[in-house]
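Heads up, the thing below is written out as structure tokens.
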Amino acid sequence: MDALYIHIPFCDKKCFYCDFWTFINMGHEIDRYTDYIIKESRLYPVYYYDTVYFGGGTPGLIGAGNFARILSELKIRDNAEVTAEINPLDYSIKDFQEYIKAGINRLSIGIQSFQDHVLKTAGRNHNAAQALETYRKAREAGFENITIDLMFGIPGQTLEDVYSDIRIIKEINPDHISIYSLIWEEGTLFWKQREKGLIEETDTDLEAVMYETIIEELTKAGYIHYEISNFAKPGKKARHNTKYWENKEFIGLGVNSSSYCSDRRYKNLKNLYKYYKMIDSGELPVDISSIEEIDETEKEKMKIILGLRLLDTGTEYFTDSRVEKLIENGLLEKTGDRIILTKKGIMLANEVFVEFI
Ligand SMILES: C[S@@+](CC[C@H](N)C(=O)[O-])C[C@H]1O[C@@H](n2cnc3c(N)ncnc32)[C@H](O)[C@@H]1O
Ligand code: SF4
């Protein structure tokens, strides 16, 4: 076990597209929540972590002091990758220097778009100038590994907006980019606005052109398109997330966190106070109904579906009628003893994955 995910479920404001498990206006819980993350970590055996990932929610809200409290409690290997997600807003260079002192060496900035009208439609609580300023300060503070999150397919976002985002990426030169097409999640404000006819889904053909443009332009700019939604400069692939795609085991701390540990997948409790209570009673705060034993068949299936997301290495070739059909249809190709997605397969990846579910 060498991978640790820590879920920080607090946000200042709910973005209109997001259905992640987060709490708004709960800032007063942050220090106590940090105490419980530490207590929960003590319920596991001592592991020497090679990657630690603070995801959210908005991990940046807990502040450098709480990052330091958690990280000083863990055994972390030399040269580990320690990532924290932040949202752009009001950080000083000194704040980022404190992050680095606390042990964070990779920053993931949730930017989503560099166009103010897109950020406004998406319900973000920052503008493009603030995002750029946050990025600049993080660099100035000394972060040498910065990834940014972007999205496409947001209502009203045009192909020109995507080109403008790419121009800015080329200027600021982040080490890594995660770029997701909008997923319409039931229960979000976007979903409700669409039901009322206030916003519309982006045309599928336009969304495909956006994705093709992103791939082409970022590849030209020296990024390796190594996973469906992820691009990295050489040597800057996300080490933690790559473990998920390689179907390696990991521990997740915090409310509603997932873990894959000792051949079991399970989720932590969603309710904050039940989560605290269970930890107080000395038990892992796991939602019993979520526990799933992962047998060899399931492992093989996950290895294929997750492995194919990795565009350079894919998964090991195996004789199977579905594989042959996908090769025939030009969605998969065989290279040596591996099978990988073709260009067409990347565009239609979900159609490939459902074959193996
Ligand atoms: C859960 S968020 C956490 C990061 C941070 N709170 C933020 O908003 O930037 C991780 C990333 O998932 C992506 N994301 C969230 N909801 C999405 C959706 N409905 N469709 C596509 N991407 C989404 C966004 O790019 C976001 O940065
Ligand atoms: S996208 Fe990020 S900031 Fe917005 S609600 Fe979701 S987790 Fe919070």
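According to numbering that gives the first Met the number 0, the sequence shown is numbered sequentially starting from 0. C-beta atoms are modelled at their ideal positions from N, C-alpha and C, and glycine is treated no differently.
Cα-Cα separation, residue i to residue j
i, j, result
"residue 185", "residue 18", "8 Å"
"residue 188", "residue 34", "33 Å"
"residue 26", "residue 341", "46 Å"
"residue 79", "residue 32", "24 Å"
"residue 302", "residue 325", "17 Å"
"residue 98", "residue 134", "14 Å"
"residue 140", "residue 95", "6 Å"
"residue 21", "residue 158", "31 Å"
"residue 222", "residue 174", "8 Å"
"residue 311", "residue 2", "22 Å"
"residue 69", "residue 285", "20 Å"
"residue 268", "residue 249", "17 Å"
"residue 77", "residue 238", "14 Å"
"residue 88", "residue 130", "7 Å"
"residue 42", "residue 305", "29 Å"
"residue 346", "residue 220", "20 Å"
"residue 56", "residue 336", "40 Å"
"residue 322", "residue 225", "21 Å"
"residue 275", "residue 8", "14 Å"
"residue 83", "residue 167", "23 Å"
"residue 232", "residue 279", "44 Å"
"residue 50", "residue 333", "31 Å"
"residue 81", "residue 277", "27 Å"
"residue 59", "residue 272", "22 Å"
"residue 62", "residue 132", "18 Å"
With 16 other Cβ atoms within 10 Å as the buried cut-off, status of residue i
i, result
"residue 162", "exposed"
"residue 47", "exposed"
"residue 244", "buried"
"residue 235", "buried"
"residue 358", "One cannot answer for residue 358 here, as it falls past the ends of the chain, which runs 0 to 356."
"residue 242", "buried"
"residue 199", "exposed"
"residue 318", "exposed"
"residue 106", "buried"
"residue 308", "buried"
"residue 251", "buried"
"residue 44", "exposed"
"residue 315", "exposed"
"residue 349", "exposed"
"residue 281", "exposed"
"residue 295", "exposed"
"residue 218", "exposed"
"residue 121", "buried"
"residue 172", "exposed"
"residue 287", "exposed"
"residue 262", "exposed"
"residue 112", "buried"
Start and end residues, alpha helix (DSSP H) containing residue i
i, result
"residue 129", "127-140"
"residue 105", "Segment 105-111 is the beta strand (DSSP E) holding residue 105; no alpha helix (DSSP H) there."
"residue 123", "Segment: none, residue 123 is in no alpha helix (DSSP H) and carries neither H nor E."
"residue 13", "From DSSP, residue 13 is part of no alpha helix (DSSP H); its letter is neither H nor E."
"residue 366", "This structure leaves residue 366 out entirely; the chain is present only between 0 and 356."
"residue 189", "188-194"
Span of the beta strand (DSSP E) around residue i
i, result
"residue 346", "Counting along the chain, residue 346 falls outside any beta strand (DSSP E), though it belongs to the alpha helix (DSSP H) covering 342-346."
"residue 49", "47-55"
"residue 77", "74-85"
"residue 308", "From DSSP, residue 308 is part of no beta strand (DSSP E); its letter is neither H nor E."
"residue 5", "2-7"
"residue 265", "263-266"
"residue 148", "145-151"
"residue 229", "229-231"
Any non-hydrogen atom of ligand 4 closer than 7 Å to residue i Cβ
i, result
"residue 66", "Summarising the ligand content, the structure contains ligand 1 and ligand 2 and does not contain ligand 4."
Nearest to residue i (by Cα), restricted to the options the options
i, options, result
"residue 66", "337, 56, 100, 10", "100"
"residue 330", "312, 351, 337, 279", "351"
"residue 52", "45, 85, 38, 219", "85"
"residue 182", "7, 15, 354", "15"
"residue 227", "275, 177, 270", "177"
"residue 179", "271, 297, 61, 230", "230"
"residue 197", "12, 155, 109, 266", "155"
"residue 109", "103, 93, 126", "126"
"residue 246", "297, 273, 209, 287", "297"
"residue 357", "172, 64, 137, 111", "With the chain running from 0 to 356 in the structure shown, residue 357 is simply not present."
"residue 10", "4, 0, 29", "29"
"residue 355", "112, 300, 339", "300"
"residue 5", "90, 264, 37", "37"
Chain D within 8 Å of residue i, Cβ atoms only
i, result
"residue 37", "You won't find chain D in this structure, because it holds only one protein chain."
Next on the checklist: For the pair the segment 141-150 and the segment 189-209, tell me if three or more CB-CB distances fall below 8 Å.
Outcome noted: no
Checklist entry - So, do the segment 147-159 and the segment 209-216 have three or more beta carbon pairs nearer to each other than 8 Å? => result yes
Checklist entry - Counting Cβ pairs, one atom from each stretch, are 3 or more of them under 8 Å apart for the segment 315-335 and the segment 286-294? => result no
Checklist entry - Three or more C-beta pairs closer than 8 Å, one from the segment 200-209 and one from the segment 254-263: is that the case here? => result no
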